[in-house]
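Numbered per the working numbering, the sequence shown spans residues 6 to 367. Ideal placement from N, C-alpha and C gives every residue a C-beta, glycine not left out. Contents: one structure, followed by commentary.
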Amino acid sequence: MSSEDTTEADGNGIVMSTVRAVTPDFIRRRFALKFTEETEDRIQSEYRGLAVQEQNVVDQWVERNRISTRLVSGDTHIWEGDDSQAIRRSAQERLNNLPSDATSIYVFEGLGAGAEVVASTSSSPGTEMAELPQSWAVTKEFRYPTQVHTSTVYSTQSGPVVGFVSPVPHTNRYVLVEASVRGMSQRFQGADRVQGGFTLLVNGSGTVLVDERRSISTADTDLTLSEYGSGQARQPVDSALALSGEPSGIDEMSANSNIIDEPYTVGYAPVFVLNGPGDWVVLVHAPRTEVFGFAQTVSDFGLLTTGAAVLLIGLIGAVLGYNTSSSINRLRGKAQEMEEGNLDIDIHSERIDDIGRLYGGF
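Here it is, written out as structure tokens:
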């Protein structure tokens with residue numbers, strides 16, 4: 006700490022000590038409690054709101070990729086041919102025109118165990134889908150031609166992705182588009198709020214699907230596709246999935262070495278995915294000292310303001326008391342002179358209060 010910082014800290018300490026000295030205990034306690042409670046309530050409300058914002062980030066990212074997949078699969082004339090190389094080139098062209106977080110396109114035929122890759126930007130024609138991480142796509146049922154199914158997060162050669170699959174109209178073929186979760190984590194804002202903060206997308210089984218820190222170059226932790234704590238640490242996940250009538254909530258948690266090694270705050274909100282996983286939850290984390298440290302600052306400020314008001318009232322009282330005392334002493338002196346026979350003494354005061362009227366009585 007520099008000498009300037011030390012001097013400033015000493016000065017602040019002296020001010021606060023003075024304020025505490027002149028402010029009665031019951032006033033200090035009352036105002037400190039009032040300011041702290043109001044500030045903590047506001048901060049908790051902000052973190053519940055931030056959880057909803059992060060929920061919207063997931064919703065928008067998923068919806069954008071659903072729409073992109075539906076548009077790609079709708080080009081029936083491109084995907085229904087027998088030339089797998091031509092289809093692969095078309096798939097690559099479509100991939101190049103999609104947002105940068107799109108990593109692969111698969112065109113496959115059929116559902117179930119017999120489904121095979123027709124063409125792909127990442128796999129060879131004729132490969133059985135059941136042998137690939139994308140096998141989830143052949144287990145889905147499609148009730149209408151524009152339906153899009155969304156997967157959970159899974160690992161590929163390109164890293165963790167979410168898959169989106171939609172049927173090619175009037176054929177037995179399907180288009181699967183994969184998008185890197187980095188496109189989602191880059192949009193999270195937990196780290197922007199406070200130092201040590203971060204947002205996770207977690208499923209009901211306690212697996213971290215997306216970790217905001219994956220997109221932060223200075224971060225040394227990435228829990229993507231790892232376990233999200235255990236036991237009591239999973240309380241926010243359960244709380245979010247149990248929400249009814251409220252869009253979000255907040256929990257105060259004890260230190261956990263797998264999450265944050267000091268007491269921390271978690272804002273949470275469930276995520277609804279149409280034709281997709283039903284157990285996604287966004288969790289916005291921050292050390293409690295960072296989240297509520299500001300509350301103590303506001304409390305001290307309120308105490309400082311209250312103390313200053315008390316001090317000002319005291320000073321005003323002292324000034325008024327001094328002026329009144331001086332006027333009475335002058336009048337006493339003049340009265341004593343009159344007692345001694347000096348009746349020509351001038352007794353006059355400019356005051357218009359009771360003291361002035363007392364002067365006028367002479």
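In the DSSP output, what is residue i paired with across the bridge?
i: ARG219; result: Answer is none; ARG219 lacks a bridge partner.
i: TYR111; result: SER125, LEU181
i: THR161; result: GLY164
i: GLU133; result: GLU121
i: THR155; result: PHE169
If we ignore side chains and look at the alpha-carbon of each, how far apart do residue i and residue j end up?
i: PRO275; j: GLN90; result: 42 Å
i: MET134; j: ALA120; result: 6 Å
i: ASP266; j: ALA260; result: 5 Å
i: GLY283; j: PHE277; result: 6 Å
i: PHE147; j: THR108; result: 24 Å
i: GLU59; j: TRP84; result: 36 Å
i: LEU137; j: SER128; result: 9 Å
i: TYR179; j: VAL213; result: 29 Å
i: LEU100; j: ALA238; result: 40 Å
i: TYR149; j: ALA291; result: 43 Å
i: ARG93; j: THR126; result: 6 Å
i: LEU279; j: GLY254; result: 22 Å
i: ALA96; j: LEU181; result: 10 Å
i: LEU116; j: THR144; result: 7 Å
i: VAL166; j: GLU295; result: 32 Å
i: PHE297; j: GLY211; result: 27 Å
i: SER50; j: ASP225; result: 29 Å
i: ASP15; j: SER222; result: Because ASP15 carries a pLDDT of 49, less than 50, the predicted location of this residue cannot be relied on, and no value is offered for it.
i: ASP197; j: PRO130; result: 44 Å
i: ALA142; j: SER156; result: 8 Å
Is it right to say residue i is buried, meaning 16 or more other beta carbons lie within 10 angstroms of its own, or is it exposed?
i: ALA124; result: buried
i: GLY86; result: exposed
i: ASP46; result: exposed
i: GLN65; result: exposed
i: PRO104; result: exposed
i: GLN139; result: buried
i: ILE110; result: buried
i: GLY188; result: buried
i: GLY168; result: buried
i: ILE48; result: buried
- [ ] Please list the segments of the alpha helix (DSSP H) lying wholly inside the stretch 166 to 243, counting only runs of 4 or more residues, in order along the chain.
- [x] Every unbroken stretch of the alpha helix (DSSP H) spanning 4 or more residues and falling wholly within the stretch 166 to 243 is given here in chain order: 187 to 190, 195 to 198.
Task: contact_flag[the stretch 228 to 240, the stretch 157 to 168] where n(CB pairs < 8 Å) is 3 or more - done: Judged by Cβ distances under 8 Å, the stretch 228 to 240 makes contact with the stretch 157 to 168, as three or more pairs qualify.
Open item on the list: Under 8 Å, with one C-beta from each stretch per pair, do the stretch 217 to 225 and the stretch 189 to 201 reach the 3-pair mark?
Closed with: Two segments are said to touch when three or more pairs of C-beta atoms, one from each, lie closer than 8 Å; by this definition the stretch 217 to 225 touches the stretch 189 to 201.
Open item on the list: List, from N- to C-terminal side, the beta strand (DSSP E) runs of 3 residues or more that fit wholly inside the stretch 249 to 297.
Closed with: Taking only runs of at least 3 residues, the beta strand (DSSP E) segments lying wholly in the stretch 249 to 297 are 254 to 258, 269 to 276, 285 to 292.
TODO: Taking 8 Å as the threshold, find out whether the stretch 165 to 176 comes into contact with the stretch 242 to 249 through three or more Cβ pairs.
DONE: Because the criterion of three Cβ pairs below 8 Å is not met, the stretch 165 to 176 and the stretch 242 to 249 do not touch.
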